[in-house]
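Structure, rendered in structure tokens:
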């Protein structure tokens with residue numbers, strides 16, 4: 377079969393969720409791993425929505441709770457960059473199943489030139505603000521999101537604070553902050 | 027009807043609720059669109075307390091970051107300290123001595139009590155019940171005195187360390203906690219007498235801010251707010267951490283998912299927390315509270331000052347680039363904080379500083395449902411709903 381099979385598990389037996397997802401989405405799955413007793417699945421950007429939809433609606437897996445959506449800027453981690461064709465960001469979804477009690481992490485590499493993923497707000501209502509935060513902090517857009525605005529930073533803020541190239545102490549925004557314009 | 031009256035009748039009024047409204051507990055702001063007293067639309071605005079905690083995590087080492095976790099949920103800093111170090115320990119693969127685990131559980135449950143007491147007092151105060159507020163704060167004061175004696179601070183506790191806790195419990199801790207535990211049920215009973223069958227309280231809270239179990243899951247609600255909607259789920263039971271499997275306790279579950287049920291669930295959780303603390307105190311094992319590993323836990327002061335070995339170990343842990351260095355990898359670790367699932371997602375590059383720390387705050391998802399709960403309700407319901415959700419601005423905005 378494919379090369380994913382080699383690095384699926386340490387225990388020798390691949391978890392059911394990996395088998396099911398591989399069966400359904402051969403090309404969409406880039407990597408499957410089990411580390412620190414946690415299952416992690418890397419999906420292609422174009423199929424991550426379908427995979428999440430499948431994970432949620434599949435009667436056996438039933439990952440019905442979207443715990444968290446976040447992103448990581450891998451621009452300073454060379455080996456991850458090279459592994460995923462220099463995709464700078466990774467959008468990370470954490471799922472939990474109330475039925476089985478299993479957790480799963482789904483990640484999708486996103487390139488800087490195509491900085492968007494399809495929104496999952498149609499699957500989980502709670503995703504709206506989580507995705508807004510990812511947009512606010514990393515500049516990754518979510519296609520078809522009902523209300524993609526900044527959430528924590530002011531609307532006219534420039535830059536994305538959690539990117540690795542954004543300095544810890546900011547770019548002088550504190551000195552130039554215009555209170556009168558903000559309050560108008 | 028007069029032409030002017032007709033125009034006014036169709037006009038919506040905008041009301042700015044917060045960020046300095048006394049019922050917003052911190053800096054929450056909701057822009058309400060009103061038709062008379064009915065809320066037509068509610069738009070929450072957040073970010074007033076955004077402090078860049080996640081960015082800071084990429085610049086502070088693992089032990090330094092504990093200080094930041096105090097400031098996230100400032101009503102129960104001990105639970106935050108606890109949740110964070112568990113995540114780092116998972117990354118390191120550390121096993122904490124049994125006594126350390128028990129001490130952490132005791133402090134986390136006391137902190138849950140303190141958190142719920144503030145929630146109770148403030149929530150009741152917002153709806154005009156002043157006595158419950160005083161009763162709640164009187165009990166909380168006793169807890170804060172215990173926290174102060176144990177950790178050295180009332181709010182910025184920073185009690186846990188990677189591999190253990192700051193210091194063991196002080197002499198006399200047990201008596202003070204026992205005194206609290208025996209007096210507390212009386213207060214709880216008094217509050218029940220004041221509120222639970224109170225006509226005004228019931229009218230203000232029953233069938234207000236209702237959310238179904240299915241919606242609660244879809245919105246990502248956790249903790250008491252999820253359980254009030256009838257979903258029986260508690261991470262202390264579902265994924266026991268830090269010896270929670272040793273304790274016998276019940277998970278409080280509601281039926282209707284309204285403000286009243288959220289009140290009842292939290293009241294019952296306080297009873298259960300007392301049970302857990304009592305069990306942990308009765309069975310508190312002897313032994314060290316910290317991992318007996320000089321590369322993780324700081325040596326005692328007398329060793330650091332009196333022996334070259336101790337001095338070297340102290341130096342290695344404290345100095346930049348020498349401290350706790352977990353292997354490469356990524357983990358997600360969640361704990362049942364008083365407000366719900368508090369998760370930490372840490373990506374480590376093998377150095378002493380995390381490559382990325384993501385905090386999964388229960389408050390963010392709890393605040394998101396506010397429009398769902400109050401649209402179609404009355405302005406006065408906004409106060410009841412906000413109080414029942416217990417949104418903490420520091421954790422919401424991070």
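Chains as they are written, first to last, in this note's numbering: chain A, 377 to 560; chain B, 27 to 424.
Glycine included, C-beta positions come from ideal geometry on N, C-alpha and C.
Because the structure is a prediction, the values reported are computed rather than measured.
*With contact counted as at least three CB pairs below 8 Å, one residue from each stretch, are the stretch 98–106 of chain B and the stretch 350–369 of chain B in contact?*
yes
_Measuring alpha carbon to alpha carbon, tell me which residue in A:446, A:441 and A:400 is nearest residue 512 of chain A._
A:446
*Which term fits residue 316 of chain B, buried or exposed, when burial requires 16 or more other beta carbons within 10 angstroms of its beta carbon?*
buried
_Same chain only: Cβ atoms within 6 Å of residue 194 of chain B, ignoring 5 sequence neighbours per side_ = 315
*DSSP on residue 459 of chain A, reduced to helix/strand/coil?*
helix
*Does the Cβ of residue 196 of chain B have 16 or more other Cβ atoms within 10 Å, making it buried, or fewer, making it exposed?*
Classification for residue 196 of chain B: exposed.
*Using three-state DSSP, classify residue 470 of chain A as helix, strand or coil.*
strand
_Runs of alpha helix (DSSP H) lying entirely within the stretch 40–108 of chain B, each at least 4 residues, in chain order_ = 79–82 and 91–96
*Would you be able to state if there are at least three C-beta pairs under 8 Å between the stretch 148–155 of chain B and the stretch 114–129 of chain B?*
no
_Terminal residues of the alpha helix (DSSP H) in which residue 444 of chain A lies_ = Per DSSP, residue 444 of chain A belongs to no alpha helix (DSSP H); it is in the beta strand (DSSP E), 441–449.
*Check whether the Cβ atoms of residue 203 of chain B and residue 407 of chain B lie closer than 8 Å to each other.*
For residue 203 of chain B and residue 407 of chain B, no; Cβs fall outside 8 Å.
_Can you give me the C-alpha to C-alpha distance between residue 338 of chain B and residue 381 of chain B, rounded to a whole angstrom?_
27 Å
*Is residue 375 of chain B closer than 8 Å to residue 453 of chain A when the C-beta atoms are compared?*
yes
_Using the Cβ count rule (16 or more neighbours within 10 Å means buried), how would you classify residue 95 of chain B?_
buried
*is_contact[residue 80 of chain B, chain A] using C-beta, thresh 8 Å*: yes
*Whole angstroms is fine: what's the gap from residue 413 of chain B's alpha carbon to residue 163 of chain B's?*
16 Å
_beta strand (DSSP E) runs contained entirely in the stretch 306–373 of chain B, provided each spans 3 or more residues_ = 355–363
_Suppose you measure from the CA of residue 299 of chain B to the CA of residue 172 of chain B; what does that come to, to the nearest Å?_
The alpha-carbon atoms of residue 299 of chain B and residue 172 of chain B are separated by roughly 16 Å.
*Could you please give the first and the last residue of the uninterrupted beta strand (DSSP E) stretch that includes residue 245 of chain B?*
Where residue 245 of chain B is concerned, there is no enclosing beta strand (DSSP E), given that its DSSP letter is neither H nor E.
*asked:* Alpha carbons only, please: which of B:282, B:343 and B:286 is nearest the one belonging to residue 238 of chain B?
replied: B:282
*With burial defined as no fewer than 16 other Cβ atoms inside 10 Å of the residue's Cβ, what is the status of residue 208 of chain B: buried or exposed?*
Exposed, since its Cβ has fewer than 16 Cβ neighbours within 10 Å.
*With DSSP run on the structure shown, which of helix, strand or coil describes residue 155 of chain B?*
coil
*Quick one: grab the DSSP three-state call for residue 272 of chain B.*
helix
*Roughly how many whole angstroms lie between the Cα atoms of residue 284 of chain B and residue 250 of chain B?*
Going by the C-alpha atoms only, they are around 11 Å apart.
*CB-CB length for residue 321 of chain A against residue 371 of chain B, believed under 8 Å*: Because residue 321 of chain A is not part of the residues shown, which for chain A are 377 to 560, the question remains open.
*Could one say the Cβ of residue 448 of chain A lies closer than 8 Å to chain B's Cβ atoms, at least one of them?*
Interface residue, yes.
*Please name the residue or residues paired with residue 407 of chain A in a DSSP beta bridge.*
A:418
*asked:* For residue 392 of chain B and residue 192 of chain B, I'd like the C-alpha separation in whole angstroms.
replied: For residue 392 of chain B and residue 192 of chain B, the distance between alpha carbons rounds to 32 Å.
_For residue 196 of chain B, the three-state DSSP class (helix, strand or coil)_ = The answer is coil: DSSP assigns residue 196 of chain B none of H, G, I, E or B.
*Please list, in chain order, all residues of the same chain as residue 320 of chain B whose beta carbon is under 6 Å from its beta carbon, the five residues on each side excluded.*
For residue 320 of chain B, the CB contacts under 6 Å within the same chain, skipping 5 residues up- and downstream, are 339 in chain order.
_Let me check understanding here. Comparing Cα to Cα, which of B:397, B:265 and B:53 lies closest to residue 236 of chain B?_
Just measuring C-alpha positions, the residue of B:397, B:265 and B:53 sitting nearest residue 236 of chain B is B:397.
_Nearest-angstrom beta carbon gap, residue 441 of chain A and residue 462 of chain A [assumed within contact, 8 Å]_ = Not confirmed; about 33 Å, so no contact.
*Looking at C-beta atoms only, is the number of pairs between the stretch 406–413 of chain A and the stretch 422–438 of chain A that lie closer than 8 Å three or more?*
no
*Span separating the alpha-carbon of residue 491 of chain A from that of residue 517 of chain A*: 6 Å
_Could you check whether the Cβ of residue 386 of chain A sits closer than 8 Å to any Cβ belonging to chain B?_
Caution applies to residue 386 of chain A, whose pLDDT of 43 falls short of 50 and renders its modelled position unreliable; the value that the coordinates give is listed next. No, because no Cβ of chain B sits closer than 8 Å to the Cβ of residue 386 of chain A.
*asked:* What does the Cβ neighbour count give for residue 219 of chain B, buried or exposed, with the cut at 16 atoms within 10 Å?
replied: exposed
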